[in-house]
Amino acid sequence: DSGVTQTPKHLITATGQRVTLRCSPRSGDLSVYWYQQSLDQGLQFLIQYYNGEERAKGNILERFSAQQFPDLHSELNLSSLELGDSALYFCASSVTLADNEQFFGPGTRLTVL
Amino acid sequence: AQSVTQLGSHVSVSEGALVLLRCNYSSSVPPYLFWYVQYPNQGLQLLLKYTSAATLVKGINGFEAEFKKSETSFHLTKPSAHMSDAAEYFCAVRRSGDDMRFGAGTRLTVKP
């Protein structure tokens, strides 16, 4: 158990819908990262937040957005969902911005029908 | 920008045999290198990391990796495979302050 929690574990929805994935980092970790893992794209970095502020952006679509709240939990919002958005979404956390060890949550499996 | 190449999307070994999973990186400056393991239906777990202290890095579950700057490699090894080692393994690279870049992954199968 890494100490990072993600909810829900599974999510099934339809094309065009909007969903919110939630992540609680390990106690004391200020940095949160979101990743998408799919069969065709592999594991891709989406976005990073540090202490409430966006710090780095990866291959995140404009239909996707995220935020980190004052209590440091983070949410990833996916809208206008397409079939190709079906994937495992992981959240990871680390203590500091420069910390090089990230602790991963168990993931949320999103299925878009 | 840094990137990672994992040679071989699937590796199969017999129980008790040597495990060798290959990873090559490209980076213009000395990077931080990582190996993660992912068991079915689980998140990624850190096996080991290289942060320029020692070139031979020992990790959990008997795995180790050697950083070879001349070869830009960070191959993962384990002397004797166990059935419980069957999983997907990811090599990753990061420069301080940059985002983590993962390889495509290598699925390890261990035959009895």
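Protein chains in written order, with this note's numbering: chain A, 1 to 113; chain B, 1 to 112.
Quick reminder that beta carbons are idealized off the backbone N, C-alpha and C, glycines included.
Keep in mind the model is a prediction, meaning the values are calculated, not measured.
Chain order gives no chain A residues near B:Ala65, where near means a beta carbon separation below 8 Å; the closest approach is about 15 Å. Contact check for B:Lys49 and A:Glu62: beta-carbon distance about 33 Å, past the 8 Å limit, so the pair fails to qualify. Judged by beta-carbon spacing, B:Gly105 lies beyond the 7 Å limit of A:Phe104, meaning their Cβ atoms are not closer than that value. Just measuring C-alpha positions, the residue of A:Lys9, A:Ala56, A:Gln41, A:His10 sitting nearest A:Ser31 is A:Ala56.
The Cβ atoms of B:Gly16 and B:Ser80 sit closer than 7 Å to each other. Under the Cβ criterion (8 Å, minimum of three pairs), the region 19 to 35 of chain A does not count as touching the region 3 to 13 of chain B.
Inter-residue distance for A:Ile60 and B:Leu47 is about 27 Å (C-alpha atoms, whole angstroms). Residue contact check for A:Leu43 against chain B: a CB pair falls below 7 Å. Put simply, the backbone Cα of B:Ser70 is about 20 Å away from that of B:Lys58.
Collapsing the DSSP output to three states places B:Ile60 in a helix. In this chain, the beta strand (DSSP E) harbouring B:Arg107 covers 106 to 111.
In terms of Cβ geometry, B:Val93 and B:Tyr39 do not form a close pair [threshold 7 Å]. Counting the other CB atoms within 10 Å of its CB gives B:Glu88 a total of 16 or more, which places it among the buried residues. The CB of A:Pro106 comes closer than 7 Å to the CB of Gln42, Gly43 in chain B, given here in chain order. For B:Ala104, the chain A residues whose C-beta falls within less than 9 Å of its own C-beta are Gly42, Leu43, listed in chain order. The straight-line gap separating the alpha-carbon atoms of B:Asp99 and B:Ser12 is approximately 31 Å.
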